[in-house]
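Chains as they are written, first to last, in the numbering used here: chain A, 87 to 203; chain B, 174 to 290. Reading through the structure tokens given below for one structure.
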């Protein structure tokens, strides 16, 4: 069974500092991996995804993530935090590629990013 | 396109009352999902559907029922609400495209905040 662990339920950074949100997964097959962002009182929006192409994936708002198979990790980074990045971030994994399986995702517990001025 | 919409946005129920949450998507997606989000627990799948007329149980199905009579709609019902069902409910949809290709990502609605007193 697949699972996702996000280390750190809360992360605080200063504006302009590097953002690093950690995600480790377990999967019996090569996974597809996703990062979603949830702004206050909104639904989840896709930030970026890894689907077995380039291991370094670039997303919206200068976020990027690197798939490291040997470390079973898919950490999310951004070089310089902005106040508007304050939100909750979810890592998710999919490892069932069968048609009609439903594109099921397993989500991590989320990391709340706080950005200090 | 409106994407995924949810009705209502907020609701307060008394214990034992019933209600139905409506999810609609205009992207012609085959798959639809209902999640609940509770603090510190990420998103947990309640029920899902891989096509019109079909539904299946997710991780936390007890106390909920669903129906998918039309491809674009997915209804979540609470027959006898309990305080433990106080949560934020999210609907999502996804697609298996023709040719066996799928992006696997799920598209989320804005959520329904339900309080059961």
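All residues carry an ideal CB built from backbone N, CA and C; glycine is no exception.
Does any CB atom of chain D fall closer than 7 angstroms to the CB of residue i?
i, result
"residue 175 (chain A)", "This model lacks chain D altogether; the protein chains it does include are A and B."
Quick one: list the residues of chain B neighbouring residue i, beta-carbon separation under 8 angstroms, in chain order.
i, result
"residue 141 (chain A)", "None at all; the shortest Cβ gap to chain B is about 17 angstroms."
"residue 180 (chain A)", "277"
At a CB-CB cut-off below 7 angstroms, which residues of chain A make contact with residue i?
i, result
"residue 221 (chain B)", "188"
"residue 281 (chain B)", "129 and 130"
"residue 284 (chain B)", "129"
Check the Cβ of residue i against every Cβ in chain B and list those closer than 7 angstroms, keeping chain order.
i, result
"residue 118 (chain A)", "277"
Which chain A residues sit within Cβ distance under 8 angstroms of residue i?
i, result
"residue 204 (chain B)", "188 and 189"
"residue 267 (chain B)", "188 and 189"
How is the beta strand (DSSP E) around residue i delimited, first residue to last?
i, result
"residue 91 (chain A)", "89-91"
"residue 178 (chain B)", "177-180"
"residue 124 (chain A)", "118-124"
"residue 219 (chain B)", "216-224"
"residue 187 (chain B)", "Neither: residue 187 (chain B) is in no beta strand (DSSP E) and is coded neither H nor E."
"residue 106 (chain A)", "105-107"
"residue 210 (chain B)", "204-210"
"residue 111 (chain A)", "110-112"
"residue 247 (chain B)", "246-251"
"residue 233 (chain B)", "No beta strand (DSSP E) contains residue 233 (chain B), which DSSP labels as neither H nor E."
"residue 263 (chain B)", "260-267"
Mind reading off the beta-carbon distance from residue i to residue j? Whole number of angstroms is fine, and I expect it under 8 angstroms.
i, j, result
"residue 248 (chain B)", "residue 288 (chain B)", "Going by Cβ atoms, the distance from residue 248 (chain B) to residue 288 (chain B) rounds to 20 angstroms, so no, they are not a contact pair."
"residue 118 (chain A)", "residue 137 (chain A)", "5 angstroms"
"residue 129 (chain A)", "residue 283 (chain B)", "5 angstroms"
"residue 238 (chain B)", "residue 195 (chain B)", "In fact, because the Cβ distance is near 14 angstroms, the residues do not count as touching under 8 angstroms."
"residue 120 (chain A)", "residue 132 (chain A)", "7 angstroms"
Starting from residue i, find everything on chain A with Cβ-Cβ shorter than 9 angstroms and list it in chain order.
i, result
"residue 214 (chain B)", "195 and 196"
"residue 263 (chain B)", "129 and 130"
Who are the near neighbours of residue i in its chain, counting only those whose CB is closer than 6 angstroms to its CB and skipping five residues on each side?
i, result
"residue 90 (chain A)", "111, 177, 179, 192 and 194"
"residue 223 (chain B)", "204"
"residue 240 (chain B)", "248"
"residue 174 (chain A)", "124, 196 and 198"
"residue 157 (chain A)", "none"
"residue 286 (chain B)", "183 and 261"
Which residues in the same chain as residue i place their Cβ atom closer than 7 angstroms to its Cβ, once the five residues preceding and following it in sequence are excluded?
i, result
"residue 141 (chain A)", "152 and 153"
"residue 231 (chain B)", "218, 219, 220 and 221"
"residue 175 (chain B)", "199"
"residue 190 (chain A)", "180 and 182"
Below 8 angstroms CB to CB, which residues in the same chain sit around residue i once its five sequence neighbours on both sides are set aside?
i, result
"residue 150 (chain A)", "134, 142, 143, 144, 162, 163 and 164"
"residue 290 (chain B)", "185, 186, 187, 188 and 256"
"residue 225 (chain B)", "241, 242, 243 and 244"
"residue 281 (chain B)", "177, 263, 264 and 265"
"residue 95 (chain A)", "195, 196, 197 and 198"
"residue 171 (chain A)", "105, 147, 164, 199 and 201"
"residue 116 (chain B)", "Residue 116 (chain B) lies beyond the residue range present for chain B, which begins at 174 and ends at 290; the question has no answer from this structure."
"residue 278 (chain B)", "267"
"residue 228 (chain B)", "220, 221, 222, 239, 240 and 241"
"residue 342 (chain B)", "The shown model of chain B, from 174 to 290, leaves out residue 342 (chain B), and the question about it has no answer."
Could you name the residues of chain B that residue i contacts, counting a contact when the two beta carbons are closer than 9 angstroms?
i, result
"residue 95 (chain A)", "213"
With three or more beta-carbon pairs closer than 8 angstroms as the criterion, would you say the stretch 201-216 of chain B touches the stretch 260-269 of chain B? yes
Cβ pair count under 8 angstroms reaching 3, the stretch 165-181 of chain A against the stretch 177-188 of chain B: no
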